[in-house]
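Residues 165 to 732 (my numbering) make up the sequence shown, in order.
Ideal placement from N, C-alpha and C gives every residue a C-beta, glycine not left out.
Below is one structure, written out as structure tokens; comments come after it.
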Amino acid sequence: MGLRGADMARIAAKDLKALYEEAKRIRAPYESNWRMAAAYCSPRQLSGWNIAGPLTSPESAMAKRMAYDNTGVRSLPKFAAVLNRIATPENQIWSRVKTDDYLMKSHSVRAFFDELNRKMWKMRYDPKAGFSQAVNESYLSIGLYAMGPLSLTWQKPSPLRRKGGYKYRGQPVKDIFLLWSDEGDVTHVFRRQWYNARQAASKFGKDKLPDDINIELSKPVPDESRFFEIVWALYEQTDYDPDRIDHRRHPVCGNYLYVGGGHSYVGDEEGFTSHPLLTPRIGTESGDSYGFSVAGMALPALGGLSAQKKTVLRAGHRAVDPTLLAGDDGVMSGRIDIRPGHIIYNAVDSQGRPLIRTLESGNPVIAEKLMQDEREDIQDSFLVTLFKMFDESPQMTATEVVERLADRAAMVAPIMSRLQGELLGPLIEREIALLAEHGLFPEMPPELIEAEGEYEIMYTSAMARSANGEAVKGFLQWHDILEKRAQAEQNPDILDWADMDAAAPEIAEAMAVPTRWVSDPEKVQKRRADRQQQTEQQQMLQQAPAIASVVNGALKRDGTSNAKGVPN
């Protein structure tokens, strides 16, 4: 690994701007489909694509409705709810950090990770951290654009949050641009931001702003509605030096670049031990960098349904307010009064046959069937029908629930693996890095220090356990078979094949049972020894009368005293 010299300056601003422009060019072909997806599923977001800057007023957030059916609008939040249920359910501990199985046999190591997991969970769901809102925005964005940017930074202490802590924020895809390595890994993330002069001075300091912003700032009253484009550029610093004491010892480098009236840096260069801005994706293909979303896959159905709904609406209007057909015989003079309670004279001939008829329209039943088919296609794309079976069969046994969860886990396994690999895993690693940076780690046991704090992430939501719990399920079924055979044959020896001492702690770990609820091996051995001692004492007490009787009988035959020492 090459080392960066002390006199080596950061990358030239013009070169970084050139990379930013290249990232914008690469993303441009995807934007037309993203706009269509937003039009059908999130009309408010469509307005953002049409504005070169921030949304500054309610009027600017209004968008002309392009869709005539709300199925996409209603399905997108349900898709986000499904992802939340299978990946990050708030009512479950959905992740744990642990180390290798050998070290996890140590109770002190397990206790350390229990405390670490408890602290991370508490800080993650702190109301001021904003995790639930940010991850929901990420899931909505994934449904629309196949990518859900989310940032995790450390909130500095303030009067309202004295200890600081995690700060999660969903980021708009509209302002995110990426570059990749030849292996498909994200190497550069550009986050476009908009600041007015007052905001820029507060963020970066007056002495670190370009001339354009300082000129605006020098006015008696700076214009609050004039915004400047500043890009937050994050990229891997492959030649970093871990032995330095400045930002170059960090693998991720960050710079703020002003691109409005040229190119110049704003503020100082930053360094991060982990990436502060995550860009999880789903549905990528070979050679497809940004991927495809469920809304993108459903665009044909969304467009077809909207067109059909528009036609049905026109037909409905004609049915309620029909077009009239009448011959011009000069009698009615082309005047037909259709107001309620009015009489139309000369509208029938002498035989009572009507001279005015309505124009026949199409069959609405056929149209409704076609639209229902399109709605089902859209809902399937957004996973809305994924859990219908639970509603259709509410009286399921526990075994049936486990089996159906396993079926569902197989259906969503590709999405789960992408979420874990590109969102949840990096997010947890970032949380751990922030705790370490701010000295909030629990005290590490010696054996874990020797292992250099090695850890791995385990996902423990109900869906993740059902996907990874085949071993537990198989063991329990096998043990049930052994128990039945032992009862049928009245022979418990067959149960010796099942090593419950080895299986019990691993099953507890797989089922996310807290370590404080599981005894350590020393306590188990002590309890067994105590129980054995109590059993032996109980047996001695039960046998004492019989022993005394035998002793007394022997003494009587010898003519000596009884068991109490009283002479006969």
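If you reduce the DSSP assignment to three classes, tell me which class His439 lands in. If you number the sequence shown from 1, residue 439 lands on position 275. In this structure, His439 counts as coil in the three-state DSSP scheme.
Expressed to the nearest angstrom, what Euclidean distance is found between the alpha-carbon atoms of Ala244 and Leu314? Along the sequence shown, one-based indexing puts residue 244 at 80. Along the sequence shown, one-based indexing puts residue 314 at 150. The alpha-carbon atoms of Ala244 and Leu314 are separated by roughly 15 Å.
If distances are taken between C-alpha atoms only, which option among Cys205, Met284, Ala361, His271 comes closest to Leu598? Counted from its first residue, the sequence shown places residue 598 at position 434. If we check each option's Cα against that of Leu598, Met284 comes out closest.
Over what stretch of residues does the beta strand (DSSP E) that includes Trp318 continue unbroken? In the sequence shown, the residue the question calls residue 318 occupies position 154. Start and end: 314-319.
By the three-class DSSP mapping on this structure, what secondary structure does Ser739 have? There is no way to answer for residue 739, as the model of the chain reaches only from 165 to 732.
So Glu400 and Val416 are in contact, right, with Cβ under 8 Å, and what is the actual spacing, rounded? For the purposes of this step, residue 400 is identified with residue 236 of the sequence shown, where counting begins at 1. For the purposes of this step, residue 416 is identified with residue 252 of the sequence shown, where counting begins at 1. Right, their Cβ atoms sit about 6 Å apart.
Rounded straight-line distance, which links the Cα of Trp396 to that of Arg174: Counting from 1 along the sequence shown, the entry for residue 174 is found at position 10. Counting from 1 along the sequence shown, the entry for residue 396 is found at position 232. Cα-Cα distance, rounded: 15 Å.
Looking only at C-alpha atoms, which of Gln696, Arg582, Glu616, Leu591 sits nearest to Leu247? Against the sequence shown, residue 247 aligns to sequence position 83. Checking every option, the nearest Cα to that of Leu247 belongs to Arg582.
Is DSSP giving Lys269 helix, strand or coil here? Taking the sequence shown and counting its residues from 1, one reaches residue 269 at position 105. Three-state result, Lys269: coil.
Can you have a look at Leu705 and say buried or exposed, based on whether 16 or more other CB atoms are within 10 angstroms of its CB? Here residue 705 refers to the residue found at position 541 of the sequence shown. Answer is exposed; the Cβ neighbour count stays below 16.
Within 10 angstroms of the Cβ of Asn419, are there 16 or more other Cβ atoms? Answer buried if so, exposed if not. Numbered from its first residue, the sequence shown carries residue 419 at position 255. Its Cβ being crowded by 16 or more others within 10 Å, Asn419 is buried.
Check for me: the alpha helix (DSSP H) holding Leu469 runs from which residue to which? In the sequence shown, counting from the first residue as 1, residue 469 sits at position 305. Run containing Leu469: 463-484, per the alpha helix (DSSP H) assignment.
If you draw a straight line from the C-alpha of Tyr623 to the C-alpha of Arg680, how long is it? Against the sequence shown, residue 623 aligns to sequence position 459. Against the sequence shown, residue 680 aligns to sequence position 516. Tyr623 and Arg680: Cα-Cα distance of roughly 19 Å.
Mind pulling the beta strand (DSSP E) runs of 3 or more residues that sit fully within the region 306-355? 314-319, 329-334, 340-344
Distance between beta carbons of Thr443 and Ile414, contact taken as under 8 Å: Residue numbering aside, residue 414 sits at position 250 when the sequence shown is read from its first letter. Residue numbering aside, residue 443 sits at position 279 when the sequence shown is read from its first letter. Note that residue 414 corresponds to His in the displayed sequence, not to Ile. The Cβ separation is near 19 Å, so there is no contact.
Within 8 Å, strictly: CB atoms of Leu308 and Ala459: Translated into positions along the sequence shown, residue 308 becomes position 144. Translated into positions along the sequence shown, residue 459 becomes position 295. Contact flag set, yes.
In chain order, what residues of the same chain have a beta carbon less than 6 Å from the beta carbon of Pro518, not counting five sequence neighbours either side? Residue 518 sits at position 354 when you count from the first residue of the sequence shown. The answer, listed in chain order, is Val512.
Does the separation of the CB atoms of Ser625 and Ala365 fall below 8 Å? On the sequence shown, residue 625 is found 461 positions in, with the first residue counted as 1. On the sequence shown, residue 365 is found 201 positions in, with the first residue counted as 1. Taking 8 Å as the Cβ cut-off, Ser625 and Ala365 do not qualify as a contacting pair.
So Thr235 is in the alpha helix (DSSP H); what residue range does that whole segment cover? As a first step, residue 235 is located in the sequence shown; it is residue number 71 there, counting from the start. Note, Thr235: alpha helix (DSSP H), 235-251.
Option in Phe368, Gly348, Gly617 with minimal Cα separation from Glu434: Along the sequence shown, one-based indexing puts residue 434 at 270. When each option's Cα is compared against that of Glu434, the closest is Phe368.
For Tyr359, three-class secondary structure by DSSP: In the sequence shown, counting from the first residue as 1, residue 359 sits at position 195. If DSSP states are grouped into helix, strand and coil, Tyr359 belongs with the strands.
Where Ile500 falls, given that 16 or more other Cβ within 10 Å makes a residue buried: Against the sequence shown, residue 500 aligns to sequence position 336. Ile500 should be labelled exposed.
Which residue from Lys181, Ser713, Gln689 puts its Cα closest to that of His141? With the chain running from 165 to 732 in the structure shown, residue 141 is simply not present.
How about the region 372-392 and the region 231-245: do they share at least three Cβ pairs that are nearer than 8 Å? no
Quick one: is Thr263 buried, meaning 16 or more other Cβ sit within 10 Å of its Cβ, or exposed? Taking the first residue of the sequence shown as position 1, residue 263 is located at position 99. That one is buried.
If you count every other CB in all the chains shown that lies within 10 Å of the CB of Asn281, and 16 or more means buried, which is it? Residue mapping note: residue 281 aligns to position 117 of the sequence shown, counting from 1. Buried, since its Cβ has 16 or more Cβ neighbours within 10 Å.
Taking Thr448 as the reference, give the member of Lys473, Ser545, Pro578, Val430 with the closest Cα. Walking along the sequence shown from the start, residue 448 turns up at place 284. When each option's Cα is compared against that of Thr448, the closest is Pro578.
Backbone secondary structure at Gly426 - three-state DSSP: Within the sequence shown, the letter at position 262 stands for residue 426. Gly426 falls in the coil class under three-state DSSP.
For Thr522, which of helix, strand or coil comes out of DSSP? As a position in the sequence shown, residue 522 is number 358, starting the count at 1. Looking at Thr522 - three-state DSSP - the assignment turns out to be strand.
Suppose you measure from the CA of Leu588 to the CA of Tyr454; what does that come to, to the nearest Å? The residue given as residue 588 occupies position 424 in the sequence shown. The residue given as residue 454 occupies position 290 in the sequence shown. Answer to the nearest angstrom: the Cα atoms are 19 Å apart.
Contact belief for Ala187 with Phe354 at Cβ below 8 Å, rounded distance in angstroms: As a first step, residue 187 must be located in the sequence shown, where it is residue number 23. As a first step, residue 354 must be located in the sequence shown, where it is residue number 190. Between Phe354 and Ala187 the Cβ distance is about 5 Å, and since that is below 8 Å, they are a contact.
Is Pro606 closer than 8 Å to Glu279 when the C-beta atoms are compared? For the purposes of this step, residue 279 is taken as residue 115 along the sequence shown, with counting starting at 1. For the purposes of this step, residue 606 is taken as residue 442 along the sequence shown, with counting starting at 1. Yes.
Unbroken alpha helix (DSSP H) run spanning Val395, endpoints: Residue mapping note: residue 395 aligns to position 231 of the sequence shown, counting from 1. Here Val395 belongs to no alpha helix (DSSP H); instead the beta strand (DSSP E) covers 392-400.
Relative to the alpha-carbon of Asp684, which residue among Val430, Gln697, Ala666 has its alpha-carbon at the smallest distance? In the sequence shown, counting from the first residue as 1, residue 684 sits at position 520. Ranking the options by Cα distance to Asp684, first place goes to Ala666.
Using 8 Å as the threshold, is the region 606-622 in touch with the region 638-658, meaning 3 or more CB pairs across them? no
Burial state of Ile215, where buried means 16 or more other Cβ atoms lie within 10 Å: On the sequence shown, position 51 is the one that residue 215 refers to. So Ile215 counts as exposed.
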